[in-house]
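Notes follow once the structure below has been shown.
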Amino acid sequence: MGLGAGLSAVKRGPLTRASAAIVLAAGLVLAGACGEDGGEGDGGLTVGVLLPGGGASRFGQFDRPLIEKRLKQLCAECPAATVAATPEPAVQQQQLEAMITRGVDALIVAAVDPQLLRPSVEAAHRAGIPVVAYDRLAQGPISGYITFDGAQVGRLQGEALLQAMGTKARGGQIVMMNGATTDPNAGWFKRGSLSVLKGKVKIGKSYDTAGWRPENAYVNMTGAIAALGADDIDGVLAANDSLAGAVVSALHAAEVRPLPPITGQDADLAAVRRIVRGEQYMTVYKPYKPAADAAADMAVALARGEAVGSIATGTVDNATTKDIPAVLLPSVPVTASTIKDTVIKDGMYTIGQVCTPKLRPACDRAGLTP
């Protein structure tokens, strides 16, 4: 299975934990400041981290604090980490260039727009700054990649959708709400789901959602309802939970009852609640701690000039670079019956967070009792 130019497995081995003094410092161009020197004078390294979303996103809720925690474990004496986060590609490009100017020792980058960011990644390479692509495969000469197996994510979504469709899993009609064409992961998810769905269901409409923006998914779903008819949509393959939420809103606005089964990804709290309510059939849970730990470990090793082959579990190719060391992690499907044994068991959420007062009856039916 390929991502970009291809994906190849290598001999698996346990992750090793690099140890080094490190401080995380992200220079924000728009703020016009880089913060404290963070470790200069005590031999500390600097690792810049760029994430695509703030506190309300999965990156803000989970990835950011986990990366910060792991980096702090690698250097207990280093100052608290700061992370630059933005959903805007041009702003992220400015942030990355500010980090190059600052002279960080390594970068962890979850690219908003991998193609747009490529010149900046190339500039980092020329400056001798290794780049670890996180979650999304950045373009350009990156030195490492941490992600979840996108083909598996798509397959899990496709398999769950067929299961939820029941007798309509043969010959029924679905809508595909895919991610942004600028994100290589979106194509990976799409290929994985099609490997399961193709030849079994009719794909009435398939949309590539510009910028992964829910408002665009809402417009697309509204168009699909008008074109296909509400009664002729037997399922919706939504690539992530934000898109799934927009799909649900569009179906509600069109007064569609009952809702067809809808997939998702990321196990957002809002999505888990929708699953309890019966508005969304499933999501894909990606345990973020192993990813955050691997990214921090790889960045530290690269900053120290060490090889990362013992950290990687496979390799990927992008448009410019082959055999990039990569950590490809498994994902877990979540439905109403498995919430307790997945996201609750792992401590991602508490039952109290999921089960609002209005959801108590539905939570009881799902076995979500304190």
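The opening residue of the sequence shown carries number 0 in numbering that gives the first Met the number 0; numbering runs sequentially from there.
The beta carbon of each residue, even a glycine, is placed where N, CA and C say it ideally should be.
Note that this is a predicted model, so its numbers are computed, not measured.
- Around serine 194, the same chain offers Ala150, Gly153, Arg154, Gly157 as residues with beta carbons nearer than 8 Å, after the five sequence neighbours per side are excluded.
- Between the region 269-284 and the region 169-187, the count of C-beta pairs closer than 8 Å stays below three; the two stretches do not touch.
- Where methionine 176 is concerned, there is no enclosing alpha helix (DSSP H), although the beta strand (DSSP E) around it starts and stops at 172-177.
- As computed with DSSP, serine 205 is found in a beta bridge with Met175.
- The DSSP-derived three-state label of isoleucine 128 is coil.
- With fewer than 16 other beta carbons inside 10 angstroms of its own, serine 336 counts as exposed.
- Out of Ser142, Leu115, Gln114, the CA that lies nearest to the CA of histidine 124 is found in Ser142.
- Per DSSP, reduced to three states, the secondary structure at threonine 221 is helical.
- When only Cα atoms are considered, methionine 347 and alanine 269 end up about 13 Å apart.
- For glycine 234, the uninterrupted beta strand (DSSP E) run begins and ends at 234-237, by DSSP.
- As summarised for the region 256-329, the continuous beta strand (DSSP E) elements at least 3 residues long and confined to that stretch are 282-284, 313-316, 323-328, given in chain order.
- Ala185 is the residue among Val131, Arg190, Ala185 whose C-alpha sits nearest the C-alpha of tryptophan 211.
- Relative to the Cα of lysine 321, the nearest Cα in the group Pro140, Tyr217, Ala291 belongs to Pro140.
- In the structure shown, the three-state DSSP call for threonine 337 is helix.
- Under the 10 Å beta carbon count, glutamine 352 is surrounded by fewer than 16 other beta carbons and is classified as exposed.
- The secondary-structure analysis by DSSP pairs glycine 143 across a beta bridge with Val131.
- The straight-line gap separating the alpha-carbon atoms of alanine 105 and valine 120 is approximately 11 Å.
- When the Cα atoms are used, valine 46 and glycine 165 turn out to be separated by approximately 49 Å.
- Note on geometry: alpha-carbon atoms of valine 90 and valine 246 lie some 28 Å from one another.
- According to the DSSP assignment, threonine 45 belongs to the beta strand (DSSP E) that extends over 44-50.
- Ranked by Cα distance from alanine 137, the options Gly170, Glu96, Asp182, Val48 are led by Asp182.
- The Cβ neighbour count for proline 257, taken over all protein chains shown within 10 Å, is under 16; the residue is labelled exposed.
- In the structure shown, alanine 253 adopts coil according to DSSP, grouped into three states.
- The alpha-carbon separation between arginine 69 and alanine 83 amounts to approximately 17 Å.
- For the pair threonine 180 and isoleucine 338, the Cα-to-Cα distance works out to about 31 Å.
- The beta carbon of valine 200 sits closer than 6 Å to the beta carbons of Gly171, Ile173 from its chain, once the five residues preceding and following it are set aside; these are given in chain order.
- If you draw a straight line from the Cα of alanine 295 to the Cα of isoleucine 107, it is about 8 Å long.
- Just so you know, the alpha carbons of alanine 306 and glycine 127 end up roughly 15 Å apart.
- In terms of CA proximity to tyrosine 144, Ala290 leads the group Leu196, Ala302, Ala290, Pro356.
- For alanine 97, the closest alpha carbon among the candidates Asp112, Val48, Ala252, Met297 is that of Val48.
- With contacts defined by Cβ atoms closer than 8 Å, alanine 237 and glycine 263 form a contacting pair.
- Residue pairing by DSSP leaves alanine 168 without any beta bridge partner.
- Lysine 204 has its alpha-carbon roughly 6 Å from the corresponding atom of alanine 223.
- Counted as a single uninterrupted DSSP element, the beta strand (DSSP E) harbouring alanine 105 occupies residues 105-108.
- The three-state secondary structure of valine 342, taken from DSSP, is helix.
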